[in-house]
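Written out below as structure tokens is the structure these notes cover.
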Amino acid sequence: MVAPGPALALVLPLILCADRSAGAGFRFASYIDNYMVLQKEPAGAVIWGFGMPGATVTVTLCQGQEAIMKKVTTVKAHSDTWMVVLDPMKPGGPFEVIAQQTLARMNFTLSVHDVLFGDVWLCSGQSNMQMTVLQIFNATKELSNTAAYQSVRILSVSLVQAEQELEDLVAVDLQWSKPTSENLGHGYFQYMSAVCWLFGRYLYDTLQYPIGLISSSWGGTPIEAWSSGRSLKACGVHNQGSIPYDSVTGPSEHSVLWNAMIHPLHSMTLKGVVWYQGEANTNYNTDLYNCTFPALIEDWRQTFHRGSQGQTERFFPFGFVQLSSALSKDTSDDGFPQIRWHQTADFGYVPNRKMPNTFMAVAMDLCDKDSPFGSIHPRDKKTVAYRLHLGARAVAYGEKSVTFQGPLPAKIELLADKGLLSLTYDQQIQVQKQDKTFEISCCSDHQCKWLPAPMNTFSTQTLTLSITSCHGTVVALRYAWTTWPCEYKQCPLYHPDSTLPAPPFVAFITDHIPGN
């Protein structure tokens, strides 16, 4: 028989070490912290974290001294994680979330306070999403306008890359916070996104309940970096080596930002996403963007729905900014208009059958040639956010009376005997100027070229274009198909009431309707 003494002497230090590591290892997920906003009803908010395998975790939601609800779960052995789904809550607060881990006689308690329930929006993309309030027009005024918006809470994800999908964020630049002039204007292209903040502020003005905003962006990055390997494979995007393109200045390896800056958030219950990206793809995999962008949306939706135990809607609202303008030395002048078109999956408008439950802010008329950050970074982010919030009100919140899209042709008719093209629009139109923004594709002797098609006449919902410059066959029509279609808020066509610009389009004459 072996004497028990030496064996016990070896085992006791291991047990004591386990006690200490269990305490240190019991924690919330990195983004669950004081001042956070959790998704309100009808969804249930997900609370999760890490703990000691086999331990029981009890999560209690408190208001004042009253326990509103309790949820009990067990730490999974294979992942050291625990998760509960709270019952749906009405908007409001503040609340305290308390988590207690119990294993044998060991108890550890965590808590976060000043928690609100409202709508949570994730904002992502490249540098135009990353620009801060400090960089936009009227920055001083906008930075001082925070006192009325203390229920709009902000979180900013750190710039991190990863080769594999991460379950939790490696780092957070700005943990959940109330807005201040300091954290909104912390610097250039860091901390909180101006578009995200202003979008949330407009939503709060309309909804009058808490809004949570998560900024996870990185300048100069192509869509491939934000896409999972699954979605890229679906579009036939192959692995690449180095990318020698001026437009790509940030991380370009496939999936590295999806892995480190988006996937770690997938267990969170979200209301929706807003996205501002595409400049880095104006000369990189441009022709594939009409697949990679809808595929990204679909993949994010699937992943967040599953990760949140079905609490994030399967087809959650996804809004995006159509590319603005930039001064270009590129003689082809085709990358920007192509990406704008591909952002709509080649329909010219959203939502559409390939991009359901989406909304778009047209920004091609918000050019800024004097921007100190380069013309590719226009400073009018307030109009961008305003147009985005109109789309959210219509698509995400179901407001029927909100106009959120500019006018598009519903019918294109060739009047060859009169030398005219007749366009009938789906909404009323306001003609601000008559220039050469419309072009026709004129074909003869098996060759086609684009020619200006000046505006001839117009009324409240129709206009005609002169096609007398074409001595062949008119086969197609396009509008605003350049990198810089017009000067600031001076495009030819707008909706008369909402000041929303008509979006760019291209259409074969036989199609009659753009996007068909």
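Counting from 1, position 263 in the sequence shown corresponds to residue 265 in our numbering; the numbering is continuous, with no gaps.
Quick reminder that beta carbons are idealized off the backbone N, C-alpha and C, glycines included.
Under DSSP, Trp84 shares a beta bridge with Gly51. Ranking Ala418, Phe139, Ile431, Phe320 by CA distance to the CA of Leu390 puts Phe320 first. Ranked by how close their Cα comes to the Cα of Trp228, the residues Ser326, Cys488, Ala164 have Ala164 in first place. The C-beta of Ser471 has fewer than 16 other C-beta atoms within 10 Å across all chains shown, which makes the residue exposed. Distance check between Trp84 and each of Cys237, Gln102, Ser158, Ala347 places Gln102 closest, using alpha-carbon atoms only. Going by beta carbons, Leu124 and Ile156 fall outside the 8 Å limit. Approximately 6 Å separates the beta-carbon atoms of Ile511 and Leu416; this is inside 8 Å, confirming the contact. Where Arg480 is concerned, there is no enclosing alpha helix (DSSP H), although the beta strand (DSSP E) around it starts and stops at 475-481. The C-beta distance from Gly408 to Pro505 rounds to 6 Å, short enough to fall under 8 Å. Under the three-state reduction of DSSP output, Cys198 falls in the helix class.
Here His497 is near Gln429, since their CB atoms are less than 8 Å apart. Annotation: Ile156 is outside any alpha helix (DSSP H); the continuous beta strand (DSSP E) that includes it extends over 154-159. The DSSP-derived three-state label of Asp301 is helix. Within the model, the alpha-carbon separation for Gln324 versus Val197 is close to 13 Å. About 6 Å separates the beta carbon of Leu453 from that of Glu441, a gap short enough to meet the 8 Å contact definition. In chain order, Asn285, Tyr286 place their CB closer than 7 Å to the CB of Tyr247, counting only its own chain and leaving out the 5 sequence neighbours on each side.
In the DSSP assignment, Val386 falls within the unbroken alpha helix (DSSP H) covering 383-393. One Cα belongs to Ala412, the other to Thr360, and the distance between them is close to 20 Å.
Shown here, Tyr206 sits in a helix according to DSSP, grouped into three states.
In this structure, the CA atom of Thr148 is about 32 Å from the CA atom of Val61. Per DSSP, His344 is one residue of the alpha helix (DSSP H) stretching across 337-344.
Between the C-alpha atoms of Phe507 and Trp343 there is a straight-line separation of about 7 Å.
For Glu98, the enclosing beta strand (DSSP E) covers residues 94-105.
Contact between Val122 and Met270 holds, since their C-beta atoms are separated by about 7 Å, short of 8 Å. From the listed residues Tyr481, Gln41, Met366, the smallest Cα separation to Met91 is found for Gln41. The criterion of a C-beta distance shorter than 8 Å is satisfied by Thr305 and His265. When C-beta atoms of the stretch 104-124 are compared with those of the stretch 199-215, three or more pairs fall below 8 Å, so the two segments count as touching. Counted as a single uninterrupted DSSP element, the alpha helix (DSSP H) harbouring Ala236 occupies residues 231-236. For Thr426, the beta-bridge partners assigned by DSSP are Lys413, Thr464. For Ala347, there is no enclosing beta strand (DSSP E), as DSSP marks it with neither H nor E. Counting only the Cα atoms, Val135 lies some 10 Å from Glu184. Comparing alpha-carbon positions, the option among Tyr190, Leu209, Leu186 lying closest to Trp199 turns out to be Leu186.
Rounded to whole angstroms, Thr182 and Ser217 show a C-alpha spacing of 16 Å. In the three-state reduction of the DSSP assignment, Ile225 falls in the helix class, which pools H, G and I.
Closest by C-alpha distance to Ala478, out of Pro494, Ala455, Gln492, Pro487, is Ala455.
The alpha helix (DSSP H) runs of length 4 or more contained entirely in the stretch 108-136 are, from start to end of the chain, 129-132.
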